[in-house]
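The structure under discussion appears below in the form of structure tokens.
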Amino acid sequence: MWFPARLESMSTGYNGVAEIGNLELDFMMSGKTIAVNNLKFNSQNSSAAIGNLNLTVGQPLQYTAAIDNLRLCPTDFAQFVPIFEGNDQCVTLKGRFGGTAEKLRGRQVQLMFGDSSLLNTDFAVRDIQNI
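Using my numbering, you'd call the opening residue of the sequence shown number 75 and step up by one each time.
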């Protein structure tokens with residue numbers, strides 16, 4: 075049986091400054107499976123649009139993720155994590171991920187650091203527990 079929950083809109087602030095705005099998600103849990111769908115948020119420079127994140131607890135642990143767009147900029151979190159102060163290199167990630175704790179795979183993955191470094195790839199990594 076699935077236990078669904080929906081967060082339609084939530085915003086947070088710190089010292090009168092908006093930190094995260096328009097946080098939305100659908101959450102479901104059934105047995106050993108946790109699913110977060112339609113996760114969206116935005117902040118001053120960061121944003122997310124994640125279609126789904128699924129985690130099934132068992133032997134082995136299994137997961138899938140469909141990341142339509144995830145942009146994280148350290149300066150948005152500098153008030154909570156001081157080491158991020160002054161770091162303006164944003165990271166953008168898109169792609170489809172899945173696997174187990176022993177094998178990670180990614181399809182149509184795009185990873186960008188700042189505005190100049192870009193990686194487009196499909197990959198599979200085995201035995202990541204031993205890395």
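A virtual CB, placed ideally from N, CA and C, is assigned to each residue, including glycine.
Where residue i falls, given that 16 or more other Cβ within 10 Å makes a residue buried
{"i": "Ser104", "result": "exposed"}
{"i": "Gly180", "result": "buried"}
{"i": "Gly132", "result": "exposed"}
{"i": "Ser121", "result": "buried"}
Straight-line gap, residue i to residue j (C-alpha atoms, nearest Å)
{"i": "Asn112", "j": "Asp201", "result": "30 Å"}
{"i": "Asn116", "j": "Ile157", "result": "21 Å"}
{"i": "Asn161", "j": "Phe197", "result": "29 Å"}
{"i": "Ser190", "j": "Glu159", "result": "21 Å"}
Inter-residue CB distance, residue i and residue j (contact presumed, cutoff 8 Å)
{"i": "Arg170", "j": "Gln182", "result": "6 Å"}
{"i": "Asp150", "j": "Ala123", "result": "Not quite, the Cβ-Cβ distance comes to about 16 Å (not below 8 Å), so this is no contact."}
{"i": "Phe134", "j": "Glu176", "result": "Per the sequence shown, residue 134 should be read as Pro rather than Phe. That pair is a contact at about 6 Å."}
Closest by C-alpha distance to residue i, when choosing among the options
{"i": "Val110", "options": "Glu98, Asp150, Met186, Ala198", "result": "Glu98"}
{"i": "Asn212", "options": "Val165, Gln163, Gly172, Glu82", "result": "Since the displayed the chain opens at 75 and closes at 205, residue 212 lies outside it and no answer follows."}
{"i": "Ala140", "options": "Cys147, Leu146, Asn128, Met102", "result": "Asn128"}
Residue-chain proximity (residue i, chain B), Cβ-Cβ < 9 Å
{"i": "Asn128", "result": "No chain B is part of this structure, which consists of one protein chain only."}
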